[in-house]
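Enquirer:
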Amino acid sequence: MRTKDELFGLLRDGGTMTRGEKVRLVSMLSVPAMLAQLSSIIMQYIDAMMVGRISASASASIGLVSTTTWLFGGLCVSIGTGFSVLVAHHFGAKEYGRARDVLRQSLLLCLGFSLIISLFCVSIHGVLPVWLGGQGEVVDQASNYFLIWALTVPVMQMYHLSNGMLRCSGNMTVPMILGILMCVLDVVFNCIFIPRWGVTGAALATSLAAVVCASSSMAYLLGWSKELKLVGHPGRLRLEWDILKRSLRISLPMVVEHAVFCGAQVVSTLIVAPLGTVAIAANTIGITVESLCYMPGYGIGEAATTLVGQSVGAKRYDLIRSFSILTVSLGMAVMTLLGIVMYVFAPELMAFMSIDPDVQRVGAEALRIEAYAEPMYAASIVAYGVFVGVGDTLIPCVMNLCSIWMVRIPLAWFLASRMGLPGVWMAMCIELCVRGIIFLIRLRLKKPKKH
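Residue numbers (our numbering): 28 to 478.
See the structure below:
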């Protein structure tokens with residue numbers, strides 16, 4: 028039975044792979060990626076649970092700024108994705124020297140970009156909760172939380188960039204280990220800081236865990252990664268227009284999409300905010316609980332990006348279609364199963380996360396609505412990962428934006444006044460089903476281009 032490195036060797040050298048070997052390679056990449064995502068879910072659960080047991084206003088304070096942290100954090104991740112995809116292409120072509128050149132460019136650009144984001148977020152931390160409709164004690168808690176998060180942006184940028192580079196080179200194990208380590212450290216630091224400083228303590232705990240894991244990830248990438256380490260491989264640390272242009276062609280549509288997409292999330296927060304503190308808290312905790320279902324899908328999507336990206340670099344156009352079908356099918360199967368679990372145990376999951384009975388009741392109703400969307404949500408997540416691996420991001424980004432702005436937002440606005448928070452989640456469920464269908468259609472019609 029061939030090892031992972033031997034299977035990647037077949038992919039890069041033009042060897043023949045049986046269906047069983049393709050499935051095995053998909054599994055070997057997907058399982059560590061899913062475990063890394065699972066550790067992220069557990070960390071979010073523990074944060075939300077410990078904060079939720081302080082008070083509903085504590086949960087609401089984090090929920091109020093959560094869409095904004097997703098906005099700016101996602102921008103940093105998106106700008107690094109183009110470089111990671113180029114690394115996958117160069118690995119498929121066995122151009123390891125060029126892969127290191129891409130890595131050097133990414134360090135310069137991404138660090139500079141994250142510092143700009145960090146400074147901007149620090150400058151607005153005091154007024155942001157007021158802009159988002161926060162009131163009373165929620166404003167002060169949300170402001171402190173957002174300030175600490177903003178100061179940690181460059182650290183998280185380096186963490187996600189280094190992990191993305193390792194994944195696209197085929198190394199899923201180290202990011203998995205670091206994800207688990209971050210979860211463990213976050214729990215330890217939460218137990219120390221939250222009893223003393225509440226919401227501020229939760230932010231400090233997450234930030235400190237991020238510093239430790241980002242340092243470890245960068246040290247491994249630059250000093251020990253077999254194909255990507257820069258130690259012992261000198262090169263010029265300056266921008267190259269060719270690499271920058273190819274990377275931005277992939278990243279810029281994702282950056283714009285994420286900005287507009289998270290703008291829609293902010294609008295959703297504004298729709299939920301007038302429904303009251305209970306609705307804000309139930310919405311925040313519900314999103315955390317639902318991540319149990321969709322984070323494994325993102326893990327499989329990362330595996331899809333790696334496999335399809337290296338297939339493109341190796342000019343294995345036959346494997347692009349095979350890996351696309353296998354990864355999308357696996358993602359839909361896993362998220363369907365988890366959607367069933369979420370539907371059955373929605374009340375227990377909400378009770379585990381909050382002591383407020385009203386938050387539990389409203390959140391459980393919303394989760395059971397959302398459970399119906401998980402199969403199609405999986406299709407959109409993993410198919411998007413496939414398109415990123417090919418370097419095709421513009422049209423998928425437009426599809427995402429049209430779906431959320433033309434379906435979710437109008438429906439949420441219409442249903443919120445009639446059904447409350449469950450109406451907002453029903454709009455989300457319908458939109459995710461629409462999105463999954465159009466992604467499956469495009470995946471079926473898309474033909475890989477031979478460059």
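Built from N, CA and C at the ideal position, the CB exists for glycine as well.
Keep in mind that this is a model prediction, so the values were computed, not measured.
Compare the beta carbon distance of L365 and L394 with 8 Å and say whether it is the shorter of the two.
Expert: The residue given as residue 365 occupies position 338 in the sequence shown. The residue given as residue 394 occupies position 367 in the sequence shown. No. Outside cutoff.
Enquirer: Tell me whether the beta-carbon of L159 lies closer than 8 Å to the beta-carbon of N310.
Expert: Position 132 of the sequence shown holds residue 159. Position 283 of the sequence shown holds residue 310. The answer is no: Cβ separation not under 8 Å.
Enquirer: For I367, is the classification buried or exposed, using 16 other Cβ atoms within 10 angstroms of its Cβ as the cut-off for buried?
Expert: Position 340 of the sequence shown holds residue 367. Looking at its Cβ environment, which holds fewer than 16 other Cβ atoms inside 10 Å, I367 is exposed.
Enquirer: Helix, strand or coil: how does DSSP classify V154 here?
Expert: Here residue 154 refers to the residue found at position 127 of the sequence shown. Looking at V154 - three-state DSSP - the assignment turns out to be coil, as it is neither helix nor strand.
Enquirer: Pull up the distance between the alpha-carbon of M209 and that of V182, whole angstroms please.
Expert: Your numbering for residue 209 matches position 182 in the sequence shown. Your numbering for residue 182 matches position 155 in the sequence shown. Rounded to the nearest angstrom, the two C-alpha atoms are 13 Å apart.
Enquirer: To the nearest angstrom, how far is it from the Cα of M403 to the Cα of V355?
Expert: Working through the sequence shown from its first residue, we reach residue 403 at position 376. Working through the sequence shown from its first residue, we reach residue 355 at position 328. Going from the Cα of M403 to the Cα of V355 covers about 10 Å.
Enquirer: So, helix, strand or coil for F173, using DSSP?
Expert: Within the sequence shown, numbered from 1, the residue matching residue 173 stands at position 146. Helix at F173.
Enquirer: For A169 versus L275, is the C-beta spacing smaller than 8 Å?
Expert: Indexing the sequence shown from 1 puts residue 169 at position 142. Indexing the sequence shown from 1 puts residue 275 at position 248. Contact flag unset, no.
Enquirer: Taking Cβ to Cβ, would you say A83 is nearer than 8 Å to T304?
Expert: Walking along the sequence shown from the start, residue 83 turns up at place 56. Walking along the sequence shown from the start, residue 304 turns up at place 277. Closer than 8 Å, so yes.
Enquirer: Tell me whether L205 sits in a helix, a strand or coil according to DSSP, three-state version.
Expert: Residue mapping note: residue 205 aligns to position 178 of the sequence shown, counting from 1. The answer is helix: DSSP assigns L205 an H, G or I state.
Enquirer: Classify R39 as buried or exposed, calling it buried when 16 or more other Cβ atoms lie within 10 Å of its own Cβ.
Expert: What you label residue 39 is simply residue 12 of the sequence shown in a count that begins at 1. Counting Cβ neighbours within 10 Å, R39 comes out buried, since at least 16 surround it.
Enquirer: Work out the CA separation of V409 and L129 for me, nearest whole Å.
Expert: As a working mapping, residue 129 is identified with position 102 in the sequence shown. As a working mapping, residue 409 is identified with position 382 in the sequence shown. The residue asked about is misnamed: residue 129 is Val in this sequence, not Leu. Near 25 Å, if we compare the C-alpha coordinates of V409 and V129.
Enquirer: Could you check the C-alpha separation between G119 and R194 for me, to the nearest Å?
Expert: Translated into positions along the sequence shown, residue 119 becomes position 92. Translated into positions along the sequence shown, residue 194 becomes position 167. Using only the alpha carbons, I get a separation of about 13 Å.
Enquirer: Give me the Cα-Cα distance between A286 and V157, rounded to the nearest whole angstrom.
Expert: Numbered from its first residue, the sequence shown carries residue 286 at position 259. Numbered from its first residue, the sequence shown carries residue 157 at position 130. Going by the C-alpha atoms only, they are around 20 Å apart.
Enquirer: Quick one: using the 10 Å Cβ neighbour count with 16 as the cut-off for buried, is D213 buried or exposed?
Expert: Taking the first residue of the sequence shown as 1, we reach residue 213 at position 186. With 16 or more other Cβ atoms within 10 Å, it is buried.
Enquirer: Please classify C218 as buried or exposed, where buried requires at least 16 neighbouring CB atoms within 10 angstroms.
Expert: Working through the sequence shown from its first residue, we reach residue 218 at position 191. Exposed: under 16 other Cβ atoms inside 10 Å.
Enquirer: Taking buried to mean at least 16 other C-beta atoms within 10 Å of its own C-beta, is A360 buried or exposed?
Expert: Residue mapping note: residue 360 aligns to position 333 of the sequence shown, counting from 1. Counting Cβ neighbours within 10 Å, A360 comes out exposed, since fewer than 16 surround it.
Enquirer: Quick one: residues in its chain with C-beta nearer than 8 Å to the C-beta of S66, no 5 flanking neighbours on either side, listed in chain order?
Expert: Along the sequence shown, one-based indexing puts residue 66 at 39. Contacts found: M203, G206, I207, M209, C210.
Enquirer: May I have a chain-ordered list of the beta strand (DSSP E) segments no shorter than 3 residues that lie completely inside the region 104-160?
Expert: The qualifying runs do not exist here; there are none.
Enquirer: Could you tell me how far apart the beta carbons of A75 and T315 are, in whole angstroms, since I believe they sit closer than 8 Å?
Expert: Looking up residue 75 in the sequence shown gives position 48. Looking up residue 315 in the sequence shown gives position 288. Their Cβ separation, rounded to whole angstroms, is 4 Å, which keeps A75 and T315 in contact under 8 Å.
Enquirer: Apply the 10 Å Cβ neighbour rule to T94 and answer buried if 16 or more other Cβ atoms are within range, or exposed otherwise.
Expert: Locating residue 94 in the sequence shown gives position 67, counting from the first residue. T94 should be labelled buried.
Enquirer: Could you please give the first and the last residue of the uninterrupted alpha helix (DSSP H) stretch that includes Q64?
Expert: One-based indexing of the sequence shown puts residue 64 at position 37. Segment 46-79, the alpha helix (DSSP H) holding Q64.
Enquirer: Taking only heavy atoms of the ligand NAP into account, decide whether any of them is closer than 7 Å to the Cβ of C103.
Expert: Absence of the ligand NAP from the depicted structure is noted, as is the absence of any ligand whatsoever, leaving it without description.
Enquirer: Just mark S57 as buried or exposed, buried being the case when its beta carbon has 16 or more other beta carbons within 10 Å.
Expert: Counting from one through the sequence shown, the residue named residue 57 turns up at place 30. By the neighbour-count rule (16 or more Cβ atoms within 10 Å), S57 is buried.
Enquirer: Quick check on V299: buried or exposed, where buried means 16 or more other Cβ atoms within 10 Å of its Cβ?
Expert: Counting from 1 along the sequence shown, the entry for residue 299 is found at position 272. Counting Cβ neighbours within 10 Å, V299 comes out buried, since at least 16 surround it.
Enquirer: In whole angstroms, what separates the C-alpha of R20 from that of M453?
Expert: Because residue 20 is not part of the residues shown, which for the chain are 28 to 478, the question remains open.
Enquirer: Would you mind stating whether A60 and A330 have Cβ atoms separated by less than 8 Å?
Expert: Taking the first residue of the sequence shown as position 1, residue 60 is located at position 33. Taking the first residue of the sequence shown as position 1, residue 330 is located at position 303. Cβ atoms of A60 and A330: closer than 8 Å.
Enquirer: Tell me the start and end of each unbroken alpha helix (DSSP H) in the region 439-473 that is at least 4 residues and wholly inside, in chain order.
Expert: DSSP runs (the alpha helix (DSSP H)) wholly in the region 439-473: 448-472.
Enquirer: Assuming contact is defined by CB atoms lying nearer than 8 Å, are V149 and L113 in contact in what I supplied?
Expert: In the sequence shown, residue 149 corresponds to position 122, counting from 1. In the sequence shown, residue 113 corresponds to position 86, counting from 1. It is not a contact, given that the beta carbons lie outside the stated cut-off.
Enquirer: Specify the secondary structure class of G340 as computed by DSSP and reduced to three states.
Expert: Looking up residue 340 in the sequence shown gives position 313. Here G340 sits in helix by DSSP.
Enquirer: If we ignore side chains and look at the alpha-carbon of each, how far apart do M433 and H152 end up?
Expert: Working through the sequence shown from its first residue, we reach residue 433 at position 406. Working through the sequence shown from its first residue, we reach residue 152 at position 125. Rounded to whole angstroms, M433 to H152 spans 30 Å at the Cα level.
Enquirer: Just how far apart, CA to CA, sit D419 and I106?
Expert: Indexing the sequence shown from 1 puts residue 419 at position 392. Indexing the sequence shown from 1 puts residue 106 at position 79. Their backbone Cα atoms lie some 15 Å apart in a straight line.
Enquirer: State yes or no: is the C-beta of T227 within less than 8 Å of the C-beta of Y172?
Expert: Within the sequence shown, residue 227 is the residue found at index 200, counting from 1. Within the sequence shown, residue 172 is the residue found at index 145, counting from 1. Contact: yes.
Enquirer: Specify the secondary structure class of E267 as computed by DSSP and reduced to three states.
Expert: Within the sequence shown, residue 267 is the residue found at index 240, counting from 1. Residue state, collapsed to three classes: coil.
Enquirer: Taking Cβ to Cβ, would you say G328 is nearer than 8 Å to Y411?
Expert: Counting from 1 along the sequence shown, the entry for residue 328 is found at position 301. Counting from 1 along the sequence shown, the entry for residue 411 is found at position 384. Yes, these two residues count as a Cβ contact at 8 Å.
Enquirer: Would you please state the rounded distance, in angstroms, between the beta carbons of G463 and A406? I believe it to be under 8 Å.
Expert: To locate residue 463, count along the sequence shown from 1; it is residue 436. To locate residue 406, count along the sequence shown from 1; it is residue 379. That belief holds up - the Cβ atoms of G463 and A406 are roughly 4 Å apart, short of 8 Å.
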